[in-house]
Amino acid sequence: MKKALSPIRRRIRLQHGLTGLCWGLLGQTAFSLVILILSFFIPLEKRNAWIIAGLALPCMGLLMGLLWPVSYLQAARKADEQGLKERAQTAWSLQDRQDDMARLQREDAISHLKTMPRMPLRVSAKPLIAAGACMAAALILFFVPNPQDGVLRQRADLRQKLEKPAAALEKAADKLEDSVLDKKTVQELRRLLGDLARETRQARDSREALTQVSQAQQRMEKLLGDARNAASEALGQAGLDALAEALEAGDLSAMQQALENMDGEALSQAAQNAASAAAASAMQAAAQSLASGNAAQAAQALGQLSAQGAASAAMQSAKSAALGGQGQGKGQGQGQGQSGSGQGGNGQGAGSGAGAGSTNEDAGAGSPGGKQSASAGGREGRYHLGEYEQIYDPTRLGDGGEITQSTGQVDENAQMSELNLSPGLGNTAGSIPYDQVVGEYQAAAVQRAQEAALPGYAQQWVADYFSALTE
Amino acid sequence: MATEQEILSFRDTVEKIHREIAKEIVGQQAVVSHLVLAMIAGGNVLLEGVPGLGKTRLVRTLSRVFDLTFSRIQFTPDLMPADITGTNIIEKTESGNAFRFQPGPLFASIVLADEINRATPKTQSALLEAMQEHAVTVAGVSRPRTEPYFVLATQNPVEQEGTYPLPEAQLDRFLLKLLVPFPTLSELDAIVNLTTTGQERQAEKVADGGDILRLRAVSQSVPVAQAVQQYALRLILNTHPEIEESPAVSRDYLRFGASPRAAQALISAARVRALSEGRFNVAFEDIKALAKPALRHRIALNFEGMAQGRTPDDIIEELLG
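Protein sequences appear in the order of chains A and B. For what it's worth, the working numbering labels the leading residue of the first sequence as 1, then goes sequentially. For what it's worth, the working numbering labels the leading residue of the second sequence as 1001, then goes sequentially.
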């Protein structure tokens, strides 16, 4: 009986496969239609890939149908439906009986199975019709202009623009191998830069990219800020106030000057008292360089606590690219230890701002065309190249720029100490060269525009305004 | 267990029987076929048809074909049970007077109970034991009947006045109820030619009681696939309006459904039919073909069904659909 029923089983499997294929086609066309409809509302970047992936459905349907188990009893029943009058299934149930009636019945069934015409294969009309309808709808949608295509193009443009900065971030991360900072800090910085590179590549819009860069800048500033404070404190305790001040100011030349007059041993001693491993590491490296008579190299080593030049520059480049690619060159190049780049205390877009790398000392560095200041580019005014207008610096945004006092702890002698906090950058008049703060302004304004969920064009206005200031 | 030869000769024997009957009976192919089927299956048959359709002739022919004793009982309202079962009569013997049992017409092998619905229920019930037990009890003495024993009852659907409709319990004892249709024009033509020209042919014996019993034994070994049996049983259950899962047509138009005896009747008859057609298994087709004869007298319409002019055959048709 098994032998007689085997061709029927194969035929049933084939029928199942055909049915699975038809339903799979319906699944695939319906899936494609859903993807196309969704793509009108959500910018689907890999829309075509999804549609092509849907081709797996008919294949799966066919395969499932062909592999679906078919029992001999099922085959017998199917054969009986072709006019065998229940001969096959009766014979299958009588397999174990050997009496004359069972044997005659079995022989009768087998002879009928052998002469039975081939079972016709039926194509399921319903799923095919439905699939046809879905395909027609999908074709129509394919030719209808998709409003999300513009969004996707913008994203692609943005990604293209961010590719270079992302690569620069990765390069900066690699360069950290040569850093004098401790291993843990280096690892954290590398991870931060690596993550930022990956995130900017995947950023869906400028806002996201800017947010990512700003957050990364803040994290980096926090990381370096803590180390810098620890180093500053250690230097202060060791009586190396000048060096501590220069370190806090991020003034590389002042640091170098201070180091030239210093004994490497003192620096090494101070390093041992540093609370932060990164600070200790940088100070030790500086001490070693100083011991070998290279104050500049020592300054560079300490300067790594102020800012990571390549990293900051790459971040700024990413920011500029996110803002539309304007002012690309302004943040690049040297920024290490330069004013306006990741200075301690403000935490606002560290390393950002068009002022980075474009200071009085470094006029035109990293800035193509040398348009550094407001007076550049042929603008008439009282200031010359390298001189900057004084603008109001609110210091800490929101508190009016007044000198802030903080009450200290009561000590054991019941004395209370007061500490006058610095008014921030600039003098008490509240003025400071604008190029040193315009980066902060820009970052703060852009961030605020994003937080306020302004429309895209309004955010672009804000970005354009500040970019124009730096031209 | 039936031998191969017996199985293979079954169909030939049945066909021979049909051919022989056809010598005397014109048309009525379905009725003849079902009658023979019922005889082989060991059941009784209720025939319903207007007078003059050859019901008596048919039964007489059957008795000739099988060489079995035949008796005809014309049921009337004044017929008593003893008239059909037989009675003890006093007989003068050498030693004095003694009772001797005089068997009634029930003691033939084939009994034709003509217009059974005209007899009183008491007389009808006298037939019950003979039909079911194949035995007749008179004065406390049970006298079994020799096999095969076959009761064929008739009913006239026209004259219903003064009749006593058969109780359900008795109706349930008939394996099949056959409706005898009026002959067609060509059949009428043949009947007239056959019976009014003195050219009647007489059927001859082709089998005997032992052959019937052998055929019965062979038919009992015909296998029934589980699906087919379940189908038959499901059909029986669907005739019961009190069962929630039964179709709406049963719940709407039936007062009560078929008994388990109907399931037995259906399967037994289906086995004979399958073998008669040269098949060695019962098919759905057999169940469907025998559903009406086996069930029409076992289900009862409710008032709604009667008011709407539905018939048991309509209900069964819908259940089969």
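Built from N, CA and C at the ideal position, the CB exists for glycine as well.
Residue-chain proximity (residue i, chain A), Cβ-Cβ < 9 Å
i         : result
B/MET1131 : no
B/ARG1273 : no
B/GLN1230 : no
B/GLU1004 : yes
B/LEU1008 : yes
B/ALA1217 : no
B/GLN1226 : yes
B/PRO1241 : no
B/ARG1153 : Inspection of the sequence shows that residue 1153 of chain B is occupied by Ala rather than by Arg. No, B/ALA1153 does not count as interfacial toward chain A.
B/LEU1319 : no
First and last residue of the uninterrupted beta strand (DSSP E) at residue i
i         : result
B/PRO1103 : 1096-1103
B/THR1239 : Unbroken run through B/THR1239: none, as it is neither H nor E.
B/ILE1025 : Per DSSP, B/ILE1025 belongs to no beta strand (DSSP E) and is neither H nor E.
A/ARG97   : A/ARG97 -> no beta strand (DSSP E), and no H or E assigned at all.
B/GLY1086 : 1086-1093
B/ALA1002 : Per DSSP, B/ALA1002 belongs to no beta strand (DSSP E) and is neither H nor E.
B/PHE1048 : According to the sequence as given, residue 1048 of chain B is Glu; it is not Phe. Where B/GLU1048 is concerned, the enclosing beta strand (DSSP E) stretches over 1044-1048.
B/THR1061 : No beta strand (DSSP E) holds B/THR1061; the alpha helix (DSSP H) holding it covers 1055-1065.
B/LEU1112 : 1110-1114
B/ALA1135 : 1135-1138
B/GLN1322 : Outside the displayed range of chain B (1001 to 1321) lies residue 1322 of chain B, so it cannot be described from this structure.
Range covered by the alpha helix (DSSP H) that runs through residue i
i         : result
B/ILE1040 : 1029-1041
B/ILE1243 : Element bounds for B/ILE1243: n/a, residue is neither H nor E.
B/ARG1296 : No alpha helix (DSSP H) contains B/ARG1296, which DSSP labels as neither H nor E.
A/ARG198  : 183-202
B/ARG1143 : Here B/ARG1143 belongs to no alpha helix (DSSP H); instead the beta strand (DSSP E) covers 1141-1144.
A/ARG448  : 434-451
A/GLU484  : Outside the shown range of chain A (1 to 471) lies residue 484 of chain A, about which nothing can therefore be said.
A/ALA49   : 47-53
9 Å Cβ cutoff, residue i in contact with chain B
i        : result
A/GLN202 : no
A/SER71  : no
A/GLN148 : no
A/THR90  : yes
A/LYS46  : no
A/MET119 : no
A/ASP96  : no
A/LYS85  : yes
A/MET60  : no
A/SER93  : yes
A/MET101 : yes
A/ALA109 : yes
A/GLN105 : yes
Cβ separation of residue i and residue j, assumed to be a contact under 8 Å, to the nearest whole Å
i         : j         : result
B/LEU1295 : B/ALA1258 : 5 Å
A/ILE140  : A/LYS78   : Not quite, the Cβ-Cβ distance comes to about 41 Å (not below 8 Å), so this is no contact.
B/PHE1284 : A/GLN105  : At roughly 16 Å, the Cβ-Cβ gap does not stay under 8 Å, so B/PHE1284 and A/GLN105 are not in contact.
A/HIS16   : A/TRP50   : Not quite, the Cβ-Cβ distance comes to about 28 Å (not below 8 Å), so this is no contact.
A/ALA298  : A/LEU259  : 5 Å
B/PRO1157 : B/VAL1050 : 7 Å
B/VAL1151 : B/ALA1113 : 6 Å
B/GLU1004 : B/ARG1201 : Incorrect: roughly 34 Å between the Cβ atoms, too far for contact.
B/ASN1238 : B/PRO1165 : Their Cβ separation, rounded to whole angstroms, is 25 Å, which puts B/ASN1238 and B/PRO1165 out of contact at 8 Å.
Residue of the options minimising C-alpha distance to residue i
i         : options                                    : result
A/ILE42   : A/ALA168, A/PHE143, A/GLY150               : A/GLY150
A/PRO7    : A/ALA75, A/LEU55, A/ARG47                  : A/ALA75
A/ALA287  : A/LEU267, A/GLU208, A/PRO117               : A/LEU267
B/ILE1033 : B/PHE1075, B/ALA1274, B/VAL1282            : This sequence places Ser at residue 1033 of chain B; Ile is not what is there. Nearest C-alpha to B/SER1033: B/ALA1274.
A/GLN89   : B/ASP1252, B/GLY1305, B/ALA1227            : B/ALA1227
B/ASP1078 : B/PRO1121, B/VAL1059, B/GLY1305, B/ARG1214 : B/PRO1121
B/LEU1062 : B/GLU1048, B/ILE1073, B/ILE1040            : B/ILE1040
A/SER111  : A/ASP100, A/LEU84, A/ALA130, A/GLN98       : A/LEU84
A/SER312  : A/ALA168, A/THR115, A/ALA53, A/LEU55       : A/ALA168
B/VAL1138 : B/ILE1299, B/GLN1155, B/ILE1089, B/ARG1019 : B/ILE1089
B/VAL1222 : B/LEU1194, B/GLU1277, B/ILE1191, B/LEU1254 : B/GLU1277
A/GLN300  : A/ALA277, A/MET255, A/ALA133, A/ALA280     : A/MET255
B/PRO1105 : B/LEU1127, B/GLU1091, B/ARG1118            : B/LEU1127
Beta carbon proximity, residue i to chain D, threshold 9 Å
i       : result
A/ARG77 : Absent here is chain D; the protein component of the structure consists of chains A and B.
Run through the stretch 1154-1235 of chain B for me and flag every whole alpha helix (DSSP H) of 4 or more residues, listed as ranges in chain order. 1168-1171, 1185-1195, 1209-1220
Which residue spans inside the stretch 1251-1284 of chain B form an unbroken beta strand (DSSP E) run of at least 3? Those beta strand (DSSP E) runs which fall completely within the stretch 1251-1284 of chain B and span 3+ residues are 1254-1256.
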